[in-house]
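Take a look at the structure below.
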Amino acid sequence: MEAIYFVNYVSLARQQASSKNYIAAFNTYVHAVDMLPAISKEIENEFRTVFLKMNEELEFEKNKEVIFNNFKRVLSIYPSNVDLLNDIGKYLYKYSYYTEALYSFERALSMDTSHVKVEKNLNKAKSSLFPRTLFRSLNDKARNNAYRAAIRSSINPAKDSIINIDAGTGLLALYATECNPIAITACESSNMIIQLADSVIQENLATQVVLVNEPSVLLKQADICGLKSVLMTDMIDAGLFGNGLLKSLCHAWDNFLHKQSTIIPGKAEFFVAGVNCVQLNNKYKLCQQTKNILNISHQNVHTTYSAETYGSEDINLYEDLKYISEPHSLFTIDFKSRDEVIEMFKKQRPYNAVFNPTVNDEINMIVGWFNLYLTDDIMLTSDPRSENRTRAWQQAVFFDVVPRRVRRNESFSIPFVSYGGRLAAIPESGQVIPRVSRETLVFLNDTEYMNMITKSIGIVCLHVGQTMCLEDVDIVDLSPFPLFGVLMMKRGANSLVCKVKGSEDIAFLNSVLEENGIPASKITILDSDYWSCELYNNKKFHVIFTNIFDNSGEIDVKQQSILHHLQKSHLTSNGICLPASVTVMGQLVYSDELEISNRIIDDNVGCRMAKYVNWYQVSQLSCSDITQSNFVPLSEPFEVASCQDMCSNLVQVPIVQDGVCNAILCWYKVQLIDGWNATCTNRRNSFIPSTAYMTNALRKVFKDDEVNVLLCVDLHGTFKLALDVEPY
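Letter by letter, the sequence shown follows residues 1 to 728 of the UniProt record's numbering.
Below is the structure:
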């Protein structure tokens, strides 16, 4: 009897799923398993497929509570299903539950260490909980020594009571213990980081440090046992205040400091300068070459932003950067003055930055840096022109300024505000600047790829024109922005199906269509976040232009599967698919920059910390621009595999010089049309970031030896590279 019920319920669930009633199908499957638990294994795959389809609908409806409740129900049935654990981790991560996501990915990876996608997701969760910038900051030995010296010169033994706000790993609190103060309290808002700090403090026998797992802005005097005579913090970013420094100091002055309290750092001075840098400008604004291709040469198009009023860059790495004006001191602030801190935080009247050009040229970007006075005698600087600059902090790039021509000695001004605790340049009044997503901007500013697309139009038109009129040609373009499709529509193609991300990108596409006289009625725009093969129905296309990469440079397995489906079911018999081929490339290297962004060295921090912090090291790092990285090449570039038919494999790689390997750089070789020269993505302004697959320990290699590089591909098609060499 139970078997009959099982057959009936499963049959009903399948019917409901085939009619796309996924919520009903899900509940029917659950009911079937409740009645006959033994059949759960038999229906596991189809049940998961329905479950994921249902979640897509619920996500579209922004119903995350129901999604998580359903995950609990499914995991009670399939507690050891690695894919389900990975799925719930992805949803937890998407909704910013990073700690819970990390635990889910960890559990999944412990069950199946060959699941590459889970490992990559675990890397993302680790980086969100412990950003790579923290590794860089902690590994800055000069910064650490300066803070240590400032703390030693400022604390009175057996007299002072210390508060360390935004304590992180507890490094400053550890330095303070060397001065034997009365008490040390360190507060940190992150649950994960406070556990890490506790381990570090116990390891260094600094039991006098009291850890408080709260943001400092929620603390009162009673929470930390009275007033504090010294406040320490390193919650500094490229724009000085961006990590909430002013808000935290305002609260501290009003709640647990007294008039004579010492602040480390004591004061700061912030500078701005006008520069010209095409490479830097192209990271934030649409370049002129692409604007000309799109027939919008008169428009200024900037990247979209939310609360970000500046970017962070190592501007000394940009070879074409020129200083067009003398640096201007925007402000000086004394953190030891309660009134100055509060005024800076609440001030609505702008600061006027006066720029005095030294040459006749164009200023297309404003950059900023600071001098940070830990004490009157100990200073750190992020000045990119200084050989003694700290590596812990990058420079602020105020990108939302319109380029202007300037003449030598003819000064001009730009207002800045710090209201709310974050510096911002005020745009010129009356200007409405079109904006596009970061993904679209980076794609369109890859001028080499844009040139290849432009040159391909004639070849494609010639190919399809052999059997039909161009006016009958239907196109799919799944690039971040459908440049190929737009250019084909300008030639007179019949229709275009494309995917666009967000309202600003859609508005930009519509403006481009209007400027080029392309009827919007011929364009079908798919929602970039919610689309699948089913949307194409039975339609056939003559040209399919695809992009199988995500924002981080990974192969998007979903995009790749959709491409395979389109080629198989929706491409006409004489149709053409672009790009023609994509090949994975690799190179063995040693990079100090990658090393300090992924592993702590105890000697750099002056205490025992590495064995705890390095749990957060990741097996891969995204490199937006390899050309800016200094690395030692230990092999020539080598081909790994074609993306069209990847499977796990072993590649033997000759070593070209003795050295220590800590990474395998990975990029792609893209051939747009058969017979054409390919373009490699390990170049400046490529829209596809490169990846560094990190070794879990340093590996010694010797010239003329051959080492094995493992290509690991999981069942879903996600890949990674690993080095098969013993550590030393």
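Here a beta-carbon is modelled for each residue, glycine too, at the ideal position from N, C-alpha and C. Owing to the predicted nature of the structure, the values given are computational and were not obtained by experimental measurement.
Does the beta-carbon of residue i have 16 or more other beta-carbons within 10 angstroms, so that it is buried, or is it exposed?
i           : result
V359        : exposed
residue 739 : Examination of residue 739 is not possible in this model, given that the chain is present from 1 through 728 alone.
S297        : exposed
F60         : exposed
H570        : buried
N135        : Note that residue 135 is Phe in the sequence shown, not Asn. So F135 ends up on the buried side.
E428        : exposed
I433        : exposed
Q560        : buried
A38         : exposed
C469        : exposed
A13         : buried
R152        : exposed
D474        : buried
Q466        : exposed
I328        : Inspection of the sequence shows that residue 328 is occupied by His rather than by Ile. It is buried - the Cβ of H328 has at least 16 other Cβ atoms within 10 Å.
If you drop the 5 nearest sequence neighbours on each side, which residues of the same chain put their C-beta closer than 6 Å to that of residue i?
i           : result
M1          : In this prediction, M1 scores a pLDDT of 46, lower than 50, which makes its location untrustworthy; no coordinate-derived value is stated.
T447        : Q289
D383        : W369, R389
R407        : N360
S161        : I182, A183, K228, S229
residue 731 : With the chain covering 1 to 728 only, the question about residue 731 has no answer from this structure.
V725        : R699, V707
H258        : L227
K291        : S297
N682        : I626, W667, S690
S325        : A273, G274, F355, N356, P357
I201        : G170, V209
I523        : L496
S18         : none
S40         : V33, I77
residue 809 : With the chain covering only 1 through 728, there is no way to say anything about residue 809.
Check each candidate in the options and name the one with the smallest Cα separation from residue i.
i    : options                : result
S114 : N677, W667, C647       : C647
S619 : F60, E410, L698, T309  : L698
K20  : I655, D237, T304, V50  : V50
N604 : V116, N145, Y9         : N145
F702 : E554, C661, D377, I433 : C661
R391 : F399, D674, P157, A142 : A142
Y305 : N696, R435, I342, D377 : R435
M192 : C498, T99, N371        : T99
T177 : N70, L330, C577, V209  : V209
V486 : L423, A101, S456       : S456
N685 : L711, D592, R438       : R438
L441 : V500, N352, I264       : V500
I333 : I293, T381, E269       : E269
L240 : H31, T381, A167        : T381
S635 : D674, G675, D602, L588 : L588
L423 : D34, Y351, D474        : Y351
V713 : K124, K117, S591, V476 : K117
P403 : N364, E515, Q260, E188 : N364
Measure the beta-carbon distance from residue i to residue j and round it to whole angstroms, keeping in mind my assumption that it falls under 8 Å.
i    : j    : result
H302 : K285 : 5 Å
V640 : G586 : 5 Å
I426 : I366 : That belief does not hold up - the Cβ atoms of I426 and I366 are roughly 11 Å apart, past 8 Å.
T169 : L129 : Not quite, the Cβ-Cβ distance comes to about 12 Å (not below 8 Å), so this is no contact.
M235 : D140 : No, M235 and D140 are not in contact; Cβ-Cβ is about 15 Å, not under 8 Å.
G266 : F335 : 6 Å
L231 : I163 : 5 Å
Counting only the same chain and skipping the five closest in sequence on each side, list residues whose C-beta sits under 7 Å from that of residue i.
i           : result
A221        : Position check: residue 221 holds Gln in this sequence, whereas Ala was assumed. Answer for Q221: L227, N255, F256, listed in chain order.
residue 729 : Shown here, the chain extends from 1 to 728; a query on residue 729 therefore has no answer.
E313        : L280, Q394, Q395, V397
T679        : E448, Y449, M452, V670
F549        : I555, D556, I688
L317        : Q628
Near residue i, which residues of its chain fall below 8 Å by C-beta distance, leaving aside the five closest residues on each side in sequence?
i    : result
I576 : V460, H463, V464, H542, V543, I544
Segments assigned beta strand (DSSP E), at least 3 residues, entirely inside the region 703-727: Uninterrupted beta strand (DSSP E) stretches at least 3 residues long and entirely within the region 703-727 occur at 706-713, 719-724, given in chain order.
Continuous alpha helix (DSSP H) assignments of at least 4 residues falling wholly in the region 424-467: List check, alpha helix (DSSP H) in window: 438-444, 447-464.
Beta strand (DSSP E) segments (min. 3 residues) lying fully within the region 228-256: Qualifying beta strand (DSSP E) stretches, in chain order: 228-232.
Whole runs of the beta strand (DSSP E) within the region 514-594, excluding any shorter than 3 residues: Listed in chain order, the complete beta strand (DSSP E) runs (minimum 3 residues) inside the region 514-594 are 523-527, 541-545, 571-578, 581-590.
Complete runs of the alpha helix (DSSP H) confined to the region 311-388 [at least 4 residues]: Counting whole runs of 4 or more residues, the region 311-388 contains the alpha helix (DSSP H) stretches 338-346.
4 or more residues per run - each alpha helix (DSSP H) lying fully within the region 83-137: List check, alpha helix (DSSP H) in window: 98-111, 116-129.
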